[in-house]
Amino acid sequence: MSLVAWTADLALGHDEIDNEHRSIIIMLNTLNDGIAQGGAPEAIKSTIGQITTYVRDHFAREERLMAEISYAATDRHREEHQKFTTQFDRLRCDYVAGKHDCLDSRLLMLLSGWWVKHIRAWDTTLLPRKMSATEPARA
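Residue numbers 532 to 670, in the working numbering, belong to the letters of the sequence shown in order.
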């Protein structure tokens, strides 16, 4: 069962960012499936580790794009990334330490709810118009 579905309204029209968002959603659904099916804690930890690395890299690429296009809300957008990273790291550390009671649902709620809201509220304002990764950015 999918935790998050990719829908057309999540597409920014920037191939690289859209592909990364799709990949993150696939990872979130993989994590959800692992937890729902009672997967081994080590496998779940591995998926959480993959999400951690991918998200950090994604945020870095997105922030470079913000600089390239002189995005007016860069500082606020970066703060949103930092808030997510702080919350996620706290939950990730608790999970890795073996604190699984109720943590699964809190982790999944953070991941699914935050990503969809973030894409719709923040990332859709990132680009002045829909564009592909090969088009030059407009300021």
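Beta carbons: idealized from backbone N, C-alpha and C, even for Gly.
Alpha carbon to alpha carbon, how far is Q581 from I575? When rounded, the distance between both Cα atoms is 10 Å.
Could you check where the alpha helix (DSSP H) with K576 kicks off and where it finishes? 572 to 599 is the extent of the alpha helix (DSSP H) around K576.
For a quick check, are the C-beta atoms of I555 and W646 less than 9 Å apart? Pairing I555 with W646 gives a Cβ-Cβ distance under 9 Å.
Three or more beta-carbon pairs under 8 Å between the segment 584 to 602 and the segment 559 to 575, yes or no? Judged by Cβ distances under 8 Å, the segment 584 to 602 makes no contact with the segment 559 to 575, as fewer than three pairs qualify.
Which of the three DSSP states is assigned to T656 in this structure? For T656, the three-state secondary structure derived from DSSP is helix.
With respect to the alpha helix (DSSP H) encompassing T538, which residues constitute its N-terminal and C-terminal limits? No alpha helix (DSSP H) contains T538, which DSSP labels as neither H nor E.
Straight-line Cα distance separating H545 from G644: Between the alpha carbons of G644 and H545 lies a gap of roughly 22 Å.
Which residue from A536, M597, G569, V535 puts its Cα closest to that of W653? Comparing Cα positions, the closest option is M597.
Within the same chain, show all residues whose beta-carbon is closer than 7 Å to that of W537, passing over the 5 residues directly before and after it, in chain order. Leaving aside the five residues that flank W537 on each side, the residues in its chain whose CB is nearer than 7 Å to its CB run, in chain order, R553, I556.
For the alpha helix (DSSP H) that G565 lies in, which residues bound it at each end? Per DSSP, G565 belongs to the alpha helix (DSSP H) from 546 to 567.
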